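Chains as they are written, first to last, in the working numbering: chain A, 235 to 564; chain B, 16 to 315.
And the structure:
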């Protein structure tokens with residue numbers, strides 16, 4: 235009896251191509267695309283396409299299970315080599331700050347502005363109410379957050395808290411990293427809450443605004459308003475912007491979930507989520523900057539005018555950055 | 016023949032269409048694989064944090080403001096910052112550099128890919144790992160310190176965190192593609208890394224032999240029509256086995272096949288018989304396949 239195995243003939247003809255591709259893929263998986271020589275790099279897509287066509291033929295003519303599994307796996311591995319992530323973390327970072335981050339912020343300026351408005355609403359509400367009746371302060375600010383800064387605290391003590399405060403002056407940088415991780419976490423929560431359809435985002439932004447407003451009103455009532463904002467704003471400009479961004483991106487997620495439009499909810503979430511993630515990464519970086527300013531700078535500079543100068547400086551820098559960076563490049 | 020073929024559960028196989036128009040099959044990673052990979056990564060990360068903490072306490076400047084008995088706050092600062100940054104960027108860095116695999120994932124043999132078969136973009140990697148922060152670490156932090164979220168958070172928030180943690184961590188068990196929230200938002204999916212070695216063609220030697228008129232056995236067309244593709248591939252798996260029990264299995268399968276195909280000659284119990292039978296059946300079924308007829312198994 236003579237056996238005629240077409241699939242065996244087929245394999246004998248093509249096996250060399252597969253082996254060659256396999257060697258290249260092994261090399262790339264081990265040490266990256268950079269490990270290939272120019273000629274090999276040029277060969278890779280050719281071999282990949284040849285193997286894909288082999289796979290497609292094999293599926294229709296071969297019943298050799300091992301062969302099919304092998305080709306399936308080899309094609310998939312080569313696919314990952316060719317269509318995997320673009321490497322080059324350094325250039326990705328540069329591209330990110332020069333172009334993608336400011337572009338993403340401009341793209342989502344409406345939800346970010348909305349989040350900012352909600353935050354401002356919280357500040358105004360608490361400010362107006364506390365200014366009229368200081369008892370409201372206790373409603374908006376919990377004891378452990380107030381750290382002894384309440385309507386009953388003498389003015390001198392409040393003032394010293396803004397400048398040479400014992401609890402802060404010793405800490406400097408130690409405190410900065412704590413502030414950063416903490417704020418970054420709040421930002422991430424604001425972003426994540428978007429997954430719960432957005433209502434909690436509003437709540438979080440609003441309550442955080444309330445605390446700030448209550449403090450502002452308290453200090454203003456003692457004639458320390460100017461000094462208070464000089465204390466908050468040098469890092470606050472950066473931090474509040476980052477919080478608004480986080481909240482805004484939470485709203486973007488919520489919007490993608492609640493109003494998916496033509497795409498399915500999951501597709502829409504994936505599309506918008508990735509774009510929003512770009513802004514979030516930038517926001518984390520901004521929290522880092524804010525933490526550094528808050529931890530180091532504010533403790534070292536005691537002059538309120540210089541503090542305001544820095545606040546205005548950061549405002550101009552960020553404003554220009556988000557308005558102008560990455561405009562022309564495509 | 017019993018169901019021995021180690022075939023992936025069809026519910027966990029996903030086909031993606033490459034830009035060249037050929038579908039590639041991927042098997043979704045199971046919850047166990049993913050958890051194991053995560054624990055390996057966490058172990059590596061935990062060691063790194065421990066190392067940094069050691070280094071920091073060895074080299075940190077003295078902390079003048081610290082009360083006696085209090086930990087040096089420089090150390091706390093460095094460790095706090097490093098903990099957060101390394102946790103997020105460990106995953107991002109490796110998934111970006113190692114084409115979708117972290118050390119843990121690559122050890123277990125799984126990787127991240129784009130759900131729509133597009134190149135895995137760095138944004139997707141960033142997003143899926145930021146979301147992990149929210150899925151796992153934030154609820155854990157809130158559980159212990161609810162005031163992190165807002166100053167006057169009620170203790171009830173702790174309960175809420177537990178619920179959150181359970182729902183989000185178990186999320187992959189509740190959807191078809193085993194996506195965690197990060198995967199949903201990033202548009203990614205975690206699959207088994209494809210890996211199969213090409214072994215010799217089982218029919219090869221028999222074909223060469225038969226050309227030299229050295230085939231031992233002859234099968235009638237009717238005998239070749241008994242089995243289908245499924246049985247053929249189970250037989251392939253048996254012939255590729257290399258273990259001490261193979262001889263017994265070959266013996267039993269010879270017996271079963273010969274009974275089933277009403278073998279006229281002397282009962283043979285050799286692997287040679289199975290190899291030739293395999294080759295003959297494969298040749299027959301492949302021939303039929305060319306004509307567009309796929310015989311799935313012996314019942315069809």
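Just so you know, even glycine gets a beta-carbon here, dropped at the ideal spot from N, CA and C. Quick caveat, the model's predicted, so the values are computed rather than measured.
> Under the three-state reduction of DSSP, which class applies to residue 127 (chain B): helix, strand or coil?
Replying inline: Here the question's residue 127 (chain B) lines up with position 112 in the second chain. Note: residue 127 (chain B) maps to strand in three-state DSSP.
> For residue 255 (chain A), does the three-state DSSP call read helix, strand or coil?
Replying inline: For the purposes of this step, residue 255 (chain A) is identified with residue 21 of the first chain, where counting begins at 1. Note: residue 255 (chain A) maps to helix in three-state DSSP.
> Taking Cβ-Cβ distances shorter than 9 Å, what residues in chain B pair up with residue 252 (chain A)?
Replying inline: Here residue 252 (chain A) corresponds to residue number 18 of the first chain, with the count starting at 1. Residues of chain B passing the Cβ test: 213.
>> Measuring straight from C-alpha to C-alpha, what distance separates residue 156 (chain B) and residue 290 (chain A)?
In response: Residue 156 (chain B) sits at position 141 when you count from the first residue of the second chain. Residue 290 (chain A) sits at position 56 when you count from the first residue of the first chain. Looking at the two C-alpha atoms, the distance is approximately 51 Å.
>> With H, G and I counted as helix, E and B as strand and the rest as coil, what does DSSP make of residue 31 (chain B)?
In response: Locating residue 31 (chain B) in the second chain gives position 16, where the first residue counts as 1. Residue state, collapsed to three classes: strand.
>> According to DSSP, residue 38 (chain B) sits in a beta bridge with which residue or residues?
In response: Residue 38 (chain B) sits at position 23 when you count from the first residue of the second chain. Its beta-bridge partners are B:32.
>> I believe residue 72 (chain B) touches residue 90 (chain B) by the beta-carbon criterion, under 8 Å. Please report the beta-carbon distance rounded to the nearest angstrom.
In response: As a working note, residue 72 (chain B) is residue 57 in the second chain. As a working note, residue 90 (chain B) is residue 75 in the second chain. Indeed, because the Cβ distance is near 5 Å, the residues count as touching under 8 Å.
>> Quick check on residue 315 (chain A): buried or exposed, where buried means 16 or more other Cβ atoms within 10 Å of its Cβ?
In response: Residue 315 (chain A) sits at position 81 when you count from the first residue of the first chain. Per the 10 Å Cβ criterion, buried.
> What is the C-beta distance between residue 428 (chain A) and residue 485 (chain A), in whole angstroms, given that I count them as a contact (C-beta under 8 Å)?
Replying inline: Taking the first chain and counting its residues from 1, one reaches residue 428 (chain A) at position 194. Taking the first chain and counting its residues from 1, one reaches residue 485 (chain A) at position 251. Sure, about 6 Å apart at Cβ, within 8 Å.
> Is there contact between the segment 202-214 of chain B and the segment 294-305 of chain A, where contact requires at least three CB pairs shorter than 8 Å?
Replying inline: yes
> If you follow the beta strand (DSSP E) that residue 386 (chain A) is part of, which residue opens it and which one closes it?
Replying inline: One-based indexing of the first chain puts residue 386 (chain A) at position 152. Where residue 386 (chain A) is concerned, there is no enclosing beta strand (DSSP E), given that its DSSP letter is neither H nor E.
> What residue from A:478, A:336 and A:282 has the CA that sits closest to residue 345 (chain A)'s CA?
Replying inline: Taking the first residue of the first chain as position 1, residue 345 (chain A) is located at position 111. That would be A:478, whose Cα lies nearest to the Cα of residue 345 (chain A).
> Using the C-alpha atoms, what's the distance from residue 349 (chain A) back to residue 556 (chain A)?
Replying inline: Counting from 1 along the first chain, the entry for residue 556 (chain A) is found at position 322. Counting from 1 along the first chain, the entry for residue 349 (chain A) is found at position 115. In a straight line, the C-alpha of residue 556 (chain A) is about 17 Å away from that of residue 349 (chain A).
> So which residues on chain B does residue 555 (chain A) lean against when the C-beta distance must stay under 9 Å?
Replying inline: Mapped onto the first chain, residue 555 (chain A) falls at position 321. The premise fails here: residue 555 (chain A) is roughly 20 Å from chain B at the closest Cβ pair, so nothing lies under 9 Å.
> Quick one, which of A:244, A:334, A:258 and A:281 has its alpha-carbon nearest residue 294 (chain A)'s?
Replying inline: Position 60 of the first chain holds residue 294 (chain A). Residue 294 (chain A) has its Cα closest to that of A:244, out of A:244, A:334, A:258 and A:281.
> What residues in the segment 136-148 of chain B have a beta carbon less than 8 Å from any beta carbon of chain A?
Replying inline: 136, 137, 138, 139, 140, 141, 142, 145, 146 and 148
> When DSSP labels each residue in this structure, what does residue 43 (chain B) get in the three-state scheme?
Replying inline: In the second chain, residue 43 (chain B) corresponds to position 28, counting from 1. Of the three classes helix, strand and coil, the one that applies to residue 43 (chain B) here is strand, per DSSP.
> Mind checking whether residue 332 (chain A) and residue 560 (chain A) have CB atoms under 7 Å apart?
Replying inline: Position 98 of the first chain, counted from the start, is the residue given in the question as residue 332 (chain A). Position 326 of the first chain, counted from the start, is the residue given in the question as residue 560 (chain A). Contact: yes.
> Where does residue 203 (chain B) fall in DSSP's three states?
Replying inline: If you number the second chain from 1, residue 203 (chain B) lands on position 188. The answer is strand: DSSP assigns residue 203 (chain B) an E or B state.
>> By the 7 Å beta-carbon criterion, what residues does the segment 33-44 of chain B contribute toward chain A?
In response: 33, 35, 37, 39, 40 and 41
> Should residue 435 (chain A) go down as buried or exposed, given a rule of 16 or more other Cβ atoms within 10 Å for buried?
Replying inline: Position 201 of the first chain, counting from 1, holds the residue named residue 435 (chain A). Per the 10 Å Cβ criterion, buried.
>> Which residue wins for smallest C-alpha separation from residue 96 (chain B), given the options A:542, A:531, A:518 and A:551?
In response: Translated into the one-based positions of the second chain, residue 96 (chain B) becomes position 81. Comparing Cα-Cα distances from residue 96 (chain B) to each of A:542, A:531, A:518 and A:551, the minimum goes to A:518.
> How would you call residue 512 (chain A), buried or exposed, if buried means at least 16 neighbouring beta carbons within 10 angstroms?
Replying inline: Taking the first chain and counting its residues from 1, the one referred to as residue 512 (chain A) is at position 278. When all chains shown are included, residue 512 (chain A) counts as buried.
> Using Cβ-Cβ distances below 8 Å, what residues of the segment 238-265 of chain B are close to chain A?
Replying inline: 244, 247, 248, 251, 252 and 255
> In chain order, what residues of the segment 454-470 of chain A put their CB closer than 8 Å to some CB of chain B?
Replying inline: none
> Expressed to the nearest angstrom, what Euclidean distance is found between the alpha-carbon atoms of residue 200 (chain B) and residue 139 (chain B)?
Replying inline: Taking the second chain and counting its residues from 1, one reaches residue 200 (chain B) at position 185. Taking the second chain and counting its residues from 1, one reaches residue 139 (chain B) at position 124. Rounded to whole angstroms, residue 200 (chain B) to residue 139 (chain B) spans 8 Å at the Cα level.
> From residue 508 (chain A) to residue 520 (chain A), what does the alpha carbon distance come to, in whole angstroms?
Replying inline: The residue labelled residue 508 (chain A) in the question sits at position 274 within the first chain. The residue labelled residue 520 (chain A) in the question sits at position 286 within the first chain. If you take the alpha carbons of residue 508 (chain A) and residue 520 (chain A), they lie about 19 Å apart.
>> Relative to the C-alpha of residue 188 (chain B), which candidate in B:27, B:46 and B:30 has its C-alpha closest?
In response: Taking the first residue of the second chain as position 1, residue 188 (chain B) is located at position 173. The residue with the shortest Cα to Cα distance from residue 188 (chain B) is B:46.
> Under the three-state reduction of DSSP, which class applies to residue 281 (chain B): helix, strand or coil?
Replying inline: Here residue 281 (chain B) is taken as the residue at index 266 of the second chain, counted from 1. DSSP places residue 281 (chain B) in coil when its eight states are reduced to three.
> Along chain B, which residues have their Cβ under 8 Å away from the Cβ of residue 539 (chain A)?
Replying inline: Translated into the one-based positions of the first chain, residue 539 (chain A) becomes position 305. Neighbours of residue 539 (chain A) on chain B: none; closest Cβ ~28 Å, over 8 Å.
> So what does DSSP say about residue 235 (chain A), is it helix, strand or coil?
Replying inline: Position 1 of the first chain, counted from the start, is the residue given in the question as residue 235 (chain A). DSSP places residue 235 (chain A) in coil when its eight states are reduced to three.
> Could you give the residue range of the alpha helix (DSSP H) that holds residue 537 (chain A)?
Replying inline: By 1-based counting over the first chain, the position of residue 537 (chain A) is 303. Neither: residue 537 (chain A) is in no alpha helix (DSSP H) and is coded neither H nor E.
> Smallest Cα separation from residue 146 (chain B): which of A:425, A:253, A:545 and A:454?
Replying inline: Here residue 146 (chain B) refers to the residue found at position 131 of the second chain. Comparing Cα positions, the closest option is A:425.
> Which of the three DSSP states, helix, strand or coil, is assigned to residue 400 (chain A)?
Replying inline: Translated into the one-based positions of the first chain, residue 400 (chain A) becomes position 166. Low per-residue confidence applies at residue 400 (chain A): pLDDT is 46, beneath 50, and the placement is therefore not dependable, though the value from the model is reported in the following sentence. If DSSP states are grouped into helix, strand and coil, residue 400 (chain A) belongs with the helices.
> Are the Cβ atoms of residue 126 (chain B) and residue 115 (chain B) separated by less than 7 Å?
Replying inline: For the purposes of this step, residue 126 (chain B) is identified with residue 111 of the second chain, where counting begins at 1. For the purposes of this step, residue 115 (chain B) is identified with residue 100 of the second chain, where counting begins at 1. Contact flag set, yes.
>> Using 8 Å for Cβ pairs, my map puts residue 446 (chain A) next to residue 357 (chain A). What's the rounded Cβ distance?
In response: Counting from one through the first chain, the residue named residue 446 (chain A) turns up at place 212. Counting from one through the first chain, the residue named residue 357 (chain A) turns up at place 123. The Cβ separation is near 5 Å, so the contact holds.
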